[in-house]
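Everything below concerns the one structure shown next.
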Amino acid sequence: MITAAGTTGHERTTRALRLASLLFSGVFAGFLVAVLVLELSLRRYDAAVYTQVRQVELVRLDDLASGTLLPALLITSTLTAMALRPRGPALWPTATALVLLLSVLVTTLVLNLPVNADQLGWQVQAPPADWADVRDRWQLAHAVRTGAALAAFGLLSWAAMSSARTGHRPSAPPLPAQVPGKAGPKPVVEESA
Numbered sequence: 646m647i648t649a650a651g652t653t654g655h656e657r658t659t660r661a662l663r664l665a666s667l668l669f670s671g672v673f674a675g676f677l678v679a680v681l682v683l684e685l686s687l688r689r690y691d692a693a694v695y696t697q698v699r700q701v702e703l704v705r706l707d708d709l710a711s712g713t714l715l716p717a718l719l720i721t722s723t724l725t726a727m728a729l730r731p732r733g734p735a736l737w738p739t740a741t742a743l744v745l746l747l748s749v750l751v752t753t754l755v756l757n758l759p760v761n762a763d764q765l766g767w768q769v770q771a772p773p774a775d776w777a778d779v780r781d782r783w784q785l786a787h788a789v790r791t792g793a794a795l796a797a798f799g800l801l802s803w804a805a806m807s808s809a810r811t812g813h814r815p816s817a818p819p820l821p822a823q824v825p826g827k828a829g830p831k832p833v834v835e836e837s838a
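Add 645 to the 1-based position in the sequence shown for our numbering, that's all there is to it.
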């Protein structure tokens, strides 16, 4: 169905999904950047300070990560599936963003979450002897997933902008030449002097 503004329900749905994907992927990427800055700031502190801050981080930050990454993945998957039919300019950046977000999820599940679970059991005044090695592994995995999340957000932004440029726009009424049975405007002929 086409509305008075000239857009279809499909186009409105796509726009709403693009907005939602930008919101969730952008908040997620920004969150990861903030954690990365905090983690890098903690590198100059000893084991007890690091352990205490990590345990505070783990109280609710995993909830924020799940609450933004999972909707971003779901919405980006939906947008990718919707873009397969027309194969428009948004398909490849959206599909690549989906692959990047999936790599973030895998990195999180395989590398970051197991370390998080271990760190919850650390004693603040007596962290394990290899705490710095564990920290370094976690921070490296986090830096990788932060880069992937930022790239995904950039690609989703690009896809949204390219869709807006090439998508359906309300048009002016057709010229008489475009209406069957009506004569079009007369061509302008320049006379030479």
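Ideal Cβ placement from N, Cα and C applies to all residues, glycine included.
Nearest candidate by alpha-carbon position, reference residue i, set the options
i: ALA809; options: LEU667, LEU683, VAL698 and ALA735; result: ALA735
i: LEU800; options: ARG730, THR752 and ALA740; result: ALA740
i: GLU702; options: PRO738, VAL760, PHE798 and ARG689; result: VAL760
i: ALA774; options: ASP691, PHE673, LEU687 and GLU684; result: ASP691
i: ALA805; options: ARG663, LEU685, ARG689 and GLU684; result: ARG663
i: LEU679; options: THR659, ARG689 and ALA710; result: The sequence shown places Ala at residue 679, not Leu. That would be ALA710, whose Cα lies nearest to the Cα of ALA679.
i: SER807; options: ALA762, SER686 and GLY733; result: GLY733
CA-to-CA distance, residue j to residue i, given in whole angstroms
i: ASP778; j: VAL755; result: 17 Å
i: PRO815; j: THR653; result: Residue placement at PRO815 is poorly supported in this model, since its pLDDT is 33, which falls under 50; the coordinates still yield a value, given next. One C-alpha to the other measures close to 11 Å.
i: GLN764; j: THR723; result: 35 Å
i: TRP743; j: TRP803; result: For the record, residue 743 in the displayed sequence is Leu; it is not Trp. LEU743 and TRP803: Cα-Cα distance of roughly 14 Å.
i: PRO731; j: ALA771; result: 59 Å
i: TYR695; j: ARG780; result: 9 Å
i: ARG705; j: ARG782; result: 21 Å
i: GLN784; j: ASP708; result: 19 Å
i: TRP776; j: LEU683; result: 17 Å
i: ALA728; j: GLU656; result: 11 Å
Own chain, CB closer than 8 Å to residue i, minus 5 neighbours either side, in chain order
i: ARG790; result: LEU677, SER748, VAL749, THR752, THR753 and ASN757
i: PRO716; result: ALA665 and PHE669
i: GLN700; result: GLN764, LEU765, TRP767 and VAL769
i: LEU745; result: ALA793, ALA794, ALA796, ALA797 and LEU800
i: ALA693; result: VAL769, GLN770 and PRO772
DSSP bridge partner residues for residue i (one or two, in chain order)
i: ALA771; result: GLN768
i: THR752; result: Answer is none; THR752 lacks a bridge partner.
Sequence-distant residues of its chain with Cβ nearer than 7 Å to residue i (five each side left out)
i: PHE798; result: SER670, GLY671 and ALA674
i: LEU681; result: HIS787, ALA788 and THR791
i: ILE720; result: LEU662, ALA665, SER666 and PHE669
i: GLN697; result: VAL769
Other residues of its chain near residue i: CB distance less than 6 Å, five sequence neighbours each side excluded
i: ALA817; result: Here ALA817 scores only 37 on pLDDT, less than 50, and its place in the model is too uncertain to base an answer on.
i: PRO738; result: LEU800, TRP803 and ALA804
i: LEU714; result: PHE673
N- and C-terminal bounds of the alpha helix (DSSP H) containing residue i
i: ASP707; result: 692-729
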